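Some notes on the structure that comes next.
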Amino acid sequence: MTRLVIHVGFHKTGTTSVQTLLRENRDLLSEHLAIYLRPDFEELAETCRRYCLNPKPLRLANVGRAAQAFFGTLAADEARPILMSSEDLSGLMPGRRDLATYAAAPHLMRVICEAARARLGKTLDLTLFFSTREADSWLRSAWWQHLRGTRMTEDLDSYAQSARSAADFDTVLQEVQSTTRGAVVTALPLEESRDLPQGPLTPLLELAGLPDAVRARIEMRPPDNVRPDLGLEPAFLALNRSGLHMKDLAEIKARILKMTATRQRRDNDPD
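Under our numbering, the letters of the sequence shown match residues 29 to 299, in that order.
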């Protein structure tokens with residue numbers, strides 16, 4: 029019986045750190061675990077994002093076809109546990125392109141699970157894992173992500189009010205469970221997983237049944253894509269509200285972020 033663990037997201041819950049650890053330790057883990065990250069199923073991830081913008085049956089069918097194409101590349105008798113990780117499987121991040129919630133996630137999970145079972149068998153041991161986060165913390169992190177990556181012009185209070193429903197992860201999980209009968213749906217908040225031995229990667233390794241001796245050899249690293257605590261938010265909000273051309277705006281923000289990264293590396297380097 030094949031075991032498949034799909035790390036579905038959500039965005040801003042330690043997913044980048046998880047994927048970096050998997051990528052950097054792939055050689056170590058490959059004997060015990062078949063790892064697939066976003067570049068391995070690019071078309072599937074993109075069709076999930078596109079479906080969110082226009083949730084019509086035809087676009088959902090496209091997701092199903094992309095899932096079938098990806099799972100068709102896997103060995104039907106794969107002996108190793110299979111681990112997939114990409115937050116884009118849950119759809120587009122709320123706040124982008126006027127998207128308000130993760131309402132698409134249950135529909136996406138249904139067709140992805142159907143495609144997985146069609147390829148890997150009805151006895152497939154399938155788990156959908158969602159990393160979550162305390163609502164206010166998630167809203168702050170998501171707001172910063174939008175400030176730096178888009179022309180977000182809402183302040184934090186306005187954004188939090190309009191996006192509050194997007195942080196209702198429990199409701200999304202319940203809806204996913206109801207649409208994916210036969211799959212195990214489980215979750216763990218970042219506030220709990222970040223302090224585990226392998227950080228937010230730990231629950232995925234446990235679900236995959238990776239031996240403790242192998243887990244202990246994983247080379248850890250600082251968390252990725254962390255919001256810098258330098259008070260940049262007001263500056264980025266002002267830039268977004270300015271009359272700057274989009275190209276100039278993007279260049280200025282990129283320059284600031286580069287300087288920030290350089291400072292953080294310098295501060296973290298031992299004397």
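Glycine included, each C-beta is placed from N, C-alpha and C at the ideal position.
Bear in mind that the values here come from a model prediction, so they are computed numbers and not experimental data.
- Here T214 has T155, F157 as same chain residues with Cβ atoms under 7 Å from its own Cβ, once five neighbours each way along the sequence are excluded.
- An exposed status is given to S270, since fewer than 16 other beta-carbon atoms sit within 10 Å of its beta-carbon.
- L72 sits in a helix when the DSSP states are folded into three classes.
- With the rule of 3 Cβ pairs closer than 8 Å, the segment 44-55 does not count as touching the segment 80-100.
- By the criterion of a C-beta distance shorter than 7 Å, Q189 is surrounded by no residue of its chain, once the five residues flanking it on both sides are discounted.
- Under the three-state reduction of DSSP output, P83 falls in the coil class, being neither helix nor strand.
- Take the alpha-carbon of E115 and the one of T41: they are about 9 Å apart.
- Between L218 and the set R255, P231, H174, T160, the nearest pair of CA atoms involves T160.
- In this structure, L267 and K281 form a Cβ contact; the two beta carbons are roughly 6 Å apart against a cut-off of 8 Å.
- For M29, the CB contacts under 8 Å within the same chain, skipping 5 residues up- and downstream, are G149, T151, L152, D153 in chain order.
- Taking every protein chain shown into account, the CB of H273 has fewer than 16 other CB atoms within 10 angstroms, so this residue is exposed.
- Collapsing the DSSP output to three states places A104 in coil.
- For the alpha helix (DSSP H) assignment, the uninterrupted runs of no fewer than 4 residues enclosed by the segment 231-289 are, from N- to C-terminal side, 240-243, 261-269.
- Per DSSP, H135 is not a residue of any beta strand (DSSP E); the alpha helix (DSSP H) it occupies stretches across 133-148.
- Within its own chain, the residues whose Cβ lies closer than 8 Å to the Cβ of S169, once the five positions on either side in sequence are excluded, are K40, R161, R255, listed in chain order.
- Judged by DSSP in its simplified three-state form, D183 adopts coil rather than helix or strand.
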